[in-house]
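Asks: Mind looking over this structure? Questions follow.
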Amino acid sequence: MSAIPAARSFGQPAMRAARAGLTRGRIELRHTFTNAQDLWNYTFPAILLLVVLFFMRGATVPGTSFSLSSRTMPSALGMSIAFGGLVTMAMALTIDREDGTLLRAKAIPNGMVGYLVGKITLVSGMGLIGLILQLVPGLLVLDGLAVRGVSHWLTLTWVVLLGLVATMPIGAVFGSLIANPRNMGLVMLPLVGLIATSGIFYPITNFPVWLQWIAQVFPIYWLGLGMRSALLPDDLAAVEIGESWRHLETVGVLGVWAILGLVLAPIVLRRMARRESGSRVAERREKALQRIT
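Under full-length UniProt numbering, the residues of the sequence shown are numbered 1 to 293, in order.
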């Protein structure tokens with residue numbers, strides 16, 4: 001019987017840290033609405049996407065009369081989920097690692113739990129806000145783009161949530177491995193290549209078969225496919241691989257990436273946290289000041 005109170009007493013500090021992290025994440029998210037750089041980060045992708053779609057307005061999906069702009073919008077929304085989960089999470093970790101925030105979190109009992117919950121809350125909130133800012137204009141302006149019924153709303157919801165779970169832990173792994181924020185190109189360059197080959201701006205069925213197989217290994221393609229299934233007419237599935245939205249495959253691949261990230265992220269984060277020290281933070285700050293001067 002004594003084991004039960006012991007387990008409760010062990011879990012209560014972690015739960016308090018998680019609640020504190022949730023509160024911190026909400027506060028940080030609220031502060032993004034008062035920061036000019038953060039506001040620009042919200043609006044710029046939406047503006048850029050609308051400009052790209054404007055130049056695509058005269059094109060149609062091969063073999064159909066459907067607008068390529070309308071087909072591209074949900075694909076780009078899936079891309080933004082992946083980009084936010086991978087890059088925003090990685091960037092947040094590398095910046096906090098350089099300025100000593102992670103070291104301070106490590107010094108507090110269960111501080112890493114609270115820190116991670118806070119970052120997950122912040123990155124998820126930023127991703128959802130960015131998604132809304134892009135989706136609403138698309139629904140108002142683009143023909144053929146709509147959420148048709150309860151089933152499509154449910155599809156939109158589980159694709160977004162599963163996409164965040166599939167990408168944020170991997171982003172945390174990248175952030176743990178990259179000590180310098182200026183080395184984020186190591187993440188950005190491969191990501192841009194995946195975006196170009198994942199059928200975001202043009203149907204993947206027009207790519208070589210070997211390239212289609214590579215794209216289907218990674219979550220960006222499946223997030224784009226899932227968003228297209230939620231926002232496009234059902235007959236547009238005819239231009240997809242297998243002429244189907246392949247919901248089961250989408251759940252399977254994103255689920256595998258989610259499990260992989262959830263297994264790897266705690267291991268890599270613990271090792272990274274153990275290596276953090278005051279001298280390492282001071283050394284990184286000194287190098288940063290040298291680059292500025």
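From the three backbone atoms N, C-alpha and C, an ideal C-beta is built for every residue, glycine too.
#1: Compute the Euclidean distance between the alpha carbons of H247 and Q212, then round it to the nearest angstrom.
#2: Could you check which residue in D235, E240 and L232 has the C-alpha nearest to that of Q216?
#3: Please classify M89: is it buried, with 16 or more other beta-carbons within 10 angstroms of its beta-carbon, or exposed?
#4: Quick one: Cα of M15 to Cα of A172, how far?
#5: Return the CA-CA distance between A92 and S65, expressed in angstroms with no decimal places.
#6: So, is S151 buried or exposed, given that buried needs 16 or more other C-beta atoms within 10 angstroms?
#7: E98: buried (16+ other C-beta within 10 angstroms of its C-beta) or exposed?
#8: Name the residue from W210, Y115, W40 and V61 whose alpha carbon lies nearest to the alpha carbon of D235.
#9: What's the gap between the Cα of L162 and the Cα of L29?
#10: Under the three-state reduction of DSSP, which class applies to S75: helix, strand or coil?
#11: Spell out the partners DSSP gives S67 in its beta bridges.
#12: Check whether the Cβ atoms of L156 and A230 lie closer than 7 Å to each other.
#13: Can you list, in chain order, the residues of its chain whose CB lies under 6 Å from that of V253, leaving out five sequence neighbours each side?
#14: Count the other CB atoms within 10 Å of the CB of G63; is the residue buried (16 or more) or exposed (fewer)?
#15: Is the region 105 to 115 touching the region 191 to 204, taking contact as three or more C-beta pairs under 8 Å?
Replies: In short:
#1: Here residue 247 refers to the residue found at position 247 when the sequence shown is read from its first residue. Here residue 212 refers to the residue found at position 212 when the sequence shown is read from its first residue. When rounded, the distance between both Cα atoms is 17 Å.
#2: As a first step, residue 216 is located in the sequence shown; it is residue number 216 there, counting from the start. Q216 has its Cα closest to that of E240, out of D235, E240 and L232.
#3: Indexing the sequence shown from 1 puts residue 89 at position 89. With 16 or more other Cβ atoms inside 10 Å of its own Cβ, M89 counts as buried.
#4: Stepping through the sequence shown from its first residue, residue 15 is reached at position 15. Stepping through the sequence shown from its first residue, residue 172 is reached at position 172. Straight-line Cα distance between these residues: approximately 21 Å.
#5: Within the sequence shown, residue 92 is the residue found at index 92, counting from 1. Within the sequence shown, residue 65 is the residue found at index 65, counting from 1. In a straight line, the C-alpha of A92 is about 43 Å away from that of S65.
#6: Sequence index remark: in the sequence shown, residue 151 carries index 151 (1-based). An exposed status is given to S151, since fewer than 16 other beta-carbon atoms sit within 10 Å of its beta-carbon.
#7: For the purposes of this step, residue 98 is taken as the residue at position 98 of the sequence shown. Residue burial annotation: E98 is buried, with at least 16 other C-beta atoms found within 10 angstroms of its C-beta.
#8: If you number the sequence shown from 1, residue 235 lands on position 235. Taking only the C-alpha atoms, the option nearest D235 is V61.
#9: Locating residue 162 in the sequence shown gives position 162, where the first residue counts as 1. Locating residue 29 in the sequence shown gives position 29, where the first residue counts as 1. Computed Cα separation, rounded: 21 Å.
#10: As a first step, residue 75 is located in the sequence shown; it is residue number 75 there, counting from the start. Judged by DSSP in its simplified three-state form, S75 adopts helix.
#11: Counting from one through the sequence shown, the residue named residue 67 turns up at place 67. According to DSSP, S67 bridges with T60.
#12: Stepping through the sequence shown from its first residue, residue 156 is reached at position 156. Stepping through the sequence shown from its first residue, residue 230 is reached at position 230. A Cβ-Cβ contact shorter than 7 Å links L156 with A230.
#13: The residue labelled residue 253 in the question sits at position 253 within the sequence shown. Around V253: W222.
#14: Your numbering for residue 63 matches position 63 in the sequence shown. G63 counts as exposed, since fewer than 16 other C-beta atoms from the protein chains shown sit within 10 angstroms of its C-beta.
#15: Because the criterion of three Cβ pairs below 8 Å is not met, the region 105 to 115 and the region 191 to 204 do not touch.
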